[in-house]
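Everything on this sheet refers to the single structure shown next.
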Ligand code: SF4
Ligand code: SF4
């Protein structure tokens, strides 16, 4: 898998034509919101670029993000770019195991000190270091060690970006994100459960081409992919605006492709590129397949109040609270009423009959 | 709370519970207190059905008295415009209907967003117009208390924040939606203890007046109440 060839050569040997490569570069350029004239430059630098060393760490996760990337589609240029990076350490994909793998990682760290990219998949448990270990080392130690000499850290998936599923209430492992721990390195969050493969390779390609990470939003995500909400780009949006909603997954509205808001779609609060980039080589995406967005690229999406509850709904046990309120209201109202009655009777009792003469006496 | 999603979850969760509690308990306290004040029993014989008389007054006092439009055109027109547009923005927007359905289990069809959007804009303009009118009218300004301005503000804020949220005026959206819900919670919390209670007491008062007028009406002839 590892050769010293340049990316241009590798792509050629995989049967990717020059035309195909340029086309990929222009798509990438437009996806990264760069000026079209930059396509040639992107192609040029991508072709010549030296293989960067990448260390890919797995913490508390399901490997879904790696799966998303490596099994996205029959060899695309994205996956070839992924192949091209010198993946010096990846627990799932590495042929070596145990000490040999550890050794490979440490060698890569030494050889590319300050220059390697660290990719993290999964959250880090802080409640007890023993909750997740590799070779007897806690996730926290490994992360701190490897991040120390990394050029940048890429947090892949919502777990590494925001804590994700392991962090869901009540967060038994005390799971936190990469940025909760690493403070002195450039970190980019590629959130999603899993993230869109093209977004991962897009960020890698950006780093390969320009040597820096792309511009980030307030949650540390690449703006180019996370600038718009799903709702803003959703093809069902005209139905939302007209007030046409599916009420169940198999009613007339659902069959006609109406908006899924009432079925719990979290598109309005979710920033991601699904609606434009789509999934599986642009085949489709969740909302097109008939299911509302779960909000998987946002922090705490798992605790967001139920996947099938409309976004506007309160996220609490309202019935119980309303019951307490009625009981309190009735009791307090009755007490206030009785207090008023007692006051009225007291005042009646204190009532003296007075006449004008009394007035004169007193004054 | 370090991001807008946490904020949104907080306003939809604990904050909503607190607001709902104060709103429901507060209204009940006020209503029960009023009812327990009691009235001397009306010993006169009911001429027609109390219920009919009550409902009649509730309804016909919602229609302007003849001639009043000429005397106070601004208050009548803007007042109606405000109440109708507020009603549309609140009760006929689908995400709101979802909430009501969730809370009370009742639902009705909504209006397309463009209508609701227009209604919200008209509602905001009429609220602003009434505030300006209040400032410029010497008598009105004299009798206005701090509470009146507070009530104006907490009524205006949900409309404004809702408008911003609907149009995604600022980013991130979760923060805007959270602020909108929070402004509604503010409204709910002060509702029972301010003039906003008129939404409920206006019906009670009209009903009471209607019933007592109904008892006063001559036999076989309904009094214009
Ligand atoms: S399906 Fe979801 S994302 Fe699409 S318009 Fe409806 S609410 Fe928005
Ligand atoms: S549609 Fe929503 S939940 Fe589904 S993958 Fe995209 S961002 Fe995640």
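Protein chains in written order, with our numbering: chain F, 73 to 435; chain E, 45 to 269.
Heads up, the beta-carbon is just placed ideally off N, CA and C, and yes, glycines get one too.
Is residue i helix, strand or coil by DSSP?
i                      : result
residue 247 of chain F : strand
residue 184 of chain E : helix
residue 109 of chain F : coil
residue 417 of chain F : helix
residue 372 of chain F : coil
residue 223 of chain F : coil
residue 262 of chain F : strand
residue 317 of chain F : strand
residue 288 of chain F : strand
residue 354 of chain F : coil
residue 205 of chain F : strand
residue 380 of chain F : coil
residue 78 of chain F  : coil
residue 365 of chain F : coil
residue 61 of chain E  : helix
residue 196 of chain F : strand
residue 210 of chain F : strand
residue 331 of chain F : strand
residue 436 of chain F : No answer is possible for residue 436 of chain F: it lies beyond the span of chain F, which begins at 73 and ends at 435.
Let's see if you can read the secondary structure: which residues bound the beta strand (DSSP E) around residue i?
i                      : result
residue 125 of chain F : 125 to 130
residue 424 of chain F : Looking at the DSSP string, residue 424 of chain F is not in any beta strand (DSSP E), and its letter there is neither H nor E.
residue 190 of chain F : 189 to 193
Pull up the CB-CB distance for residue i and residue j, whole angstroms please, since I reckon it's below 8 Å.
i                      : j                      : result
residue 142 of chain E : residue 385 of chain F : 6 Å
residue 137 of chain E : residue 165 of chain E : Going by Cβ atoms, the distance from residue 137 of chain E to residue 165 of chain E rounds to 13 Å, so no, they are not a contact pair.
residue 325 of chain F : residue 302 of chain F : With 8 Å as the limit, residue 325 of chain F and residue 302 of chain F do not qualify as a contact, their Cβ atoms being about 19 Å apart.
residue 51 of chain E  : residue 219 of chain E : 6 Å
residue 137 of chain F : residue 267 of chain F : 6 Å
residue 55 of chain E  : residue 229 of chain E : 7 Å
residue 205 of chain E : residue 223 of chain E : 5 Å
residue 204 of chain F : residue 248 of chain F : At roughly 12 Å, the Cβ-Cβ gap does not stay under 8 Å, so residue 204 of chain F and residue 248 of chain F are not in contact.
residue 263 of chain F : residue 369 of chain F : 4 Å
residue 118 of chain F : residue 274 of chain F : The pair is not a contact, with the Cβ atoms about 12 Å apart (cut-off 8 Å).
residue 405 of chain F : residue 73 of chain E  : 4 Å
residue 242 of chain F : residue 49 of chain E  : Residue 242 of chain F to residue 49 of chain E, Cβ: 18 Å. No contact.
residue 269 of chain F : residue 224 of chain F : So it is not a contact: roughly 20 Å between Cβ atoms.
residue 64 of chain E  : residue 397 of chain F : 7 Å
Which word fits residue i, buried or exposed, when buried means at least 16 other C-beta atoms lie within 10 angstroms of its C-beta?
i                      : result
residue 191 of chain E : exposed
residue 181 of chain F : buried
residue 418 of chain F : exposed
residue 68 of chain F  : Any property of residue 68 of chain F remains undetermined from this structure, which presents chain F solely from 73 to 435.
residue 234 of chain E : buried
residue 86 of chain F  : exposed
residue 315 of chain F : buried
residue 140 of chain F : buried
residue 310 of chain F : exposed
residue 296 of chain F : buried
residue 213 of chain E : exposed
residue 155 of chain E : buried
residue 110 of chain E : exposed
residue 244 of chain F : exposed
residue 261 of chain F : buried
residue 293 of chain F : buried
residue 351 of chain F : buried
residue 124 of chain F : buried
residue 130 of chain F : buried
residue 357 of chain F : buried
residue 431 of chain F : exposed
residue 146 of chain F : For residue 146 of chain F, the predicted model reports a pLDDT of 47, less than 50, meaning its position is unreliable; a value from the coordinates is still stated below. Residue 146 of chain F is exposed by the Cβ-count criterion.
Along the chain, where does the alpha helix (DSSP H) that runs through residue i open and close?
i                      : result
residue 272 of chain F : 269 to 282
residue 104 of chain E : 94 to 104
residue 230 of chain F : 229 to 234
residue 202 of chain E : 190 to 211
residue 54 of chain E  : 48 to 56
residue 144 of chain E : 138 to 148
residue 139 of chain F : 136 to 142
residue 116 of chain E : Neither: residue 116 of chain E is in no alpha helix (DSSP H) and is coded neither H nor E.
residue 303 of chain F : 302 to 305
residue 229 of chain E : 217 to 234
residue 94 of chain F  : 90 to 103
residue 299 of chain F : Neither: residue 299 of chain F is in no alpha helix (DSSP H) and is coded neither H nor E.
residue 260 of chain E : 242 to 260
residue 346 of chain F : 346 to 349
Less than 9 Å between CB atoms is the rule here; does residue i satisfy it with respect to chain C?
i                      : result
residue 150 of chain E : Judged by its chain identifiers, the structure shown contains no chain C, and its protein chains are F and E.
Taking 7 Å as the limit, name every residue whose beta carbon sits nearer than that to some heavy atom of ligand 1, in sequence order. F/302, F/303, F/306, F/308, F/309, F/311, F/312, F/331, F/332, F/333, F/337, F/339, F/340, F/359, F/364, F/365
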